[in-house]
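Chains A and B are the protein sequences, given in the same order.
First residue of the first sequence? That's 1 in our numbering, and the numbers climb one at a time after it.
First residue of the second sequence? That's 1001 in our numbering, and the numbers climb one at a time after it.
In this text, a Cβ means the ideal position worked out from N, Cα and C, and glycines have one as well.
Single-structure report; data block below.
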Amino acid sequence: LEARLEQAAMLKRVVDAIKDLVQDCNFDCNDSGIALQAMDNSHVALVSMMLKSESFSPFRCDRNIALGINLTSLTKVLRAAQGDDILTLKAEDAPDVVNLTFESPESDRLSEYDIKLMDIDQEHLGIPDTEYAATITLPSSEFSRITRDLSALSESVAIECTKEGVKFTCTGDIGNGSVSLRQHTNVENDAKSVDISLTEPVALTFSLKYLVNFCKAAGLSDRVRLCLSNEVPLLVEYGLSNNSYLRFYLAPKIGD
Amino acid sequence: APFQMDLYNYFIKS
C-alpha cells in the first residue's frame, strides 16, 4: 500500500471524530481505497468510513490488506502532523507496521513514524441498502448546534419529520425544548440550505450523547445528511470529496 | 422505558 494525502487534516479529523466511539479498527485497503467499519462496544453506534482511492494521489494497493490499528496510537502519531502536511501511508504485504510520513509543503521537514499493527478479529457486518422515508440535508454546524443545545437538557431527542419540516424535541428534568426546521433554500449560499425529502412521516428517538459525538465530524463537511425510517437505525453522513464519506449509524430507542 | 435497539442484531452478519 502506498497512499498519499494532500492534506493530513482530513485523516486527523476523521480519526478524531471516531476515536471516542471505536478503539481498535481494521483499515481495509484494496484498489478502490481504504475502508473502515466498526461498532461501539454497546452496539448502539456503527462507524463506516470510505476513503476512495481518488481521494489520494497517488494511490496504489497491490494486494488487499487489513491494517489493524489502535486509534489512540494513531491519534498520538497524527498529532505530530500539521494539517497542511502531505501525509503518506505505506504498508508492505503481511505487514507488522504501518508507516506514516508527514512532509511540510513549505520546508524540507520530513517526519516518519511506524505504528505497530494489531491482529483484530472483526466480524464484518452487512449494511443493507435502505430506502429511507425521510432524508434531511442541513448545514453541519446547524446540526451540531441543535444536538449541543438539546443535550444540555436531556439524554435523548425525538426527531420527527413531516411535510411541515423536521422537529427535534427533548424533555428533561429542568424542562423541555425543541428546534424546528423547514425546507429552506438559501439563494446566496446553498451550503446554508435545508433540504427535506419525505415519502412518509417519521418519528424516532435517539441518544443525544452519540449524536453529539458524531458532530465531531462537522469540520469535515459543510453539510450533513440525516436519513430516517421508522424502526431503522439513523444514518448520519458527512460527505467528503471524491465520493469518500464518513457515516454513522445510530440505533433508535424503540417501544415501551 | 424504551429499549435501545441492538445494532449487532440489525446488521446481519454478511
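**OP:** Keeping to the same chain, check which residues put their C-beta closer than 8 Å to that of A/His43; ignore five residues upstream and five downstream.
**Re:** Counting from one through the first sequence, the residue named residue 43 of chain A turns up at place 43. Ala251.
State the CB to CB distance for the pair A/Val232 and A/Phe248, rounded to an integer number of angstroms; the pair is presumed to be in contact (CB under 8 Å). The residue given as residue 232 of chain A occupies position 232 in the first sequence. The residue given as residue 248 of chain A occupies position 248 in the first sequence. 14 Å between Cβ atoms; not a contact.
Would you identify the three-state DSSP class for A/Phe168, choosing helix, strand or coil?
Position 168 of the first sequence, counted from the start, is the residue given in the question as residue 168 of chain A. In the structure shown, A/Phe168 sits in a strand (DSSP, three-state: E or B).
Is A/Phe168 near the ligand SAM, in the sense that its beta carbon is under 6 Å from a heavy atom of that ligand?
Absence of the ligand SAM from the depicted structure is noted, as is the absence of any ligand whatsoever, leaving it without description.
Checklist entry - A/Glu2: which of A/Arg60, A/Phe56 and A/Asp16 sits nearest, CA to CA? => result Reading the first sequence from its first residue, position 2 is the one you call residue 2 of chain A. Closest by alpha carbon: A/Arg60.
Touch test, the stretch 138-148 of chain A against the stretch 205-213 of chain A, Cβ-Cβ under 8 Å, three pairs minimum: yes
### Query
Which residue's Cα is closest to the Cα of A/Ala8: A/Leu89, A/Asp119, A/Gly177 and A/Gly175?
Residue numbering aside, residue 8 of chain A sits at position 8 when the first sequence is read from its first letter. Comparing Cα-Cα distances from A/Ala8 to each of A/Leu89, A/Asp119, A/Gly177 and A/Gly175, the minimum goes to A/Leu89.
Practice problem: Apply the 10 Å Cβ neighbour rule to A/Glu188 and answer buried if 16 or more other Cβ atoms are within range, or exposed otherwise. | Solution: Your numbering for residue 188 of chain A matches position 188 in the first sequence. Burial call: exposed.
If you follow the beta strand (DSSP E) that A/Glu2 is in, where does it begin and where does it stop? Taking the first sequence and counting its residues from 1, one reaches residue 2 of chain A at position 2. Per DSSP, A/Glu2 belongs to the beta strand (DSSP E) from Glu2 to Leu5.
Whole-angstrom C-beta distance between A/Glu112 and A/Thr101, which should lie under 8 Å:
Here residue 101 of chain A refers to the residue found at position 101 when the first sequence is read from its first residue. Here residue 112 of chain A refers to the residue found at position 112 when the first sequence is read from its first residue. Indeed they touch by this definition, with Cβ atoms about 5 Å apart.
Along the chain, where does the alpha helix (DSSP H) that runs through A/Val187 open and close?
-> Translated into the one-based positions of the first sequence, residue 187 of chain A becomes position 187. Here A/Val187 belongs to no alpha helix (DSSP H), and DSSP marks it neither H nor E.
Checklist line | Contact list for A/Met39 against chain B, beta-carbon separation under 9 Å | finding: Residue mapping note: residue 39 of chain A aligns to position 39 of the first sequence, counting from 1. Simply Leu1007, Tyr1008 and Phe1011.
request  = Quick one: grab the DSSP three-state call for A/Glu142.
outcome  = Here residue 142 of chain A is taken as the residue at index 142 of the first sequence, counted from 1. It is helical.
Subject >> Other residues of its chain near B/Ser1014: CB distance less than 8 Å, five sequence neighbours each side excluded >> reply: The residue labelled residue 1014 of chain B in the question sits at position 14 within the second sequence. For B/Ser1014, the predicted model reports a pLDDT of 45, less than 50, meaning its position is unreliable; a value from the coordinates is still stated below. Excluding positions up to five away in sequence, the list is empty.
Quick check on the DSSP output: the alpha helix (DSSP H) that includes A/Met39 runs from which residue to which? As a working mapping, residue 39 of chain A is identified with position 39 in the first sequence. Here A/Met39 belongs to no alpha helix (DSSP H); instead the beta strand (DSSP E) covers Gly33 to Met39.
(request) Can you have a look at A/Ile174 and say buried or exposed, based on whether 16 or more other CB atoms are within 10 angstroms of its CB? (result) Walking along the first sequence from the start, residue 174 of chain A turns up at place 174. Under this definition A/Ile174 is an exposed residue.
Next on the checklist: Suppose the cutoff is 6 Å on Cβ atoms and the five residues either side in sequence are ignored; what does the same chain contact list for A/Cys29 look like?
Outcome noted: Here residue 29 of chain A is taken as the residue at index 29 of the first sequence, counted from 1. Correct list, in chain order: Leu1, Cys61 and Ile65.
A/Val77 and A/Ile115: beta carbons closer than 7 Å?
-> The residue given as residue 77 of chain A occupies position 77 in the first sequence. The residue given as residue 115 of chain A occupies position 115 in the first sequence. Going by C-beta atoms, A/Val77 is nearer than 7 Å to A/Ile115.
Exercise. Checking contacts by CB at 7 Å: is A/Ile127 closer than that to chain B?
Worked result: One-based indexing of the first sequence puts residue 127 of chain A at position 127. Yes, A/Ile127 counts as interfacial toward chain B.
Nearest chain B C-beta to A/Lys209 closer than 7 Å, yes or no? Position 209 of the first sequence, counted from the start, is the residue given in the question as residue 209 of chain A. For A/Lys209, the answer is no, since every Cβ of chain B falls outside 7 Å of its Cβ.
Against chain B: residues of the stretch 241-252 of chain A by CB proximity under 7 Å:
Tyr249, Ala251 and Pro252
*Do the stretch 161-177 of chain A and the stretch 1004-1012 of chain B make contact, defined as three or more Cβ pairs closer than 8 Å?*
no
Compute the Euclidean distance between the alpha carbons of A/Arg225 and A/Tyr238, then round it to the nearest angstrom. The count along the first sequence starts at 1 and reaches residue 225 of chain A at position 225. The count along the first sequence starts at 1 and reaches residue 238 of chain A at position 238. Near 7 Å, if we compare the C-alpha coordinates of A/Tyr238 and A/Arg225.
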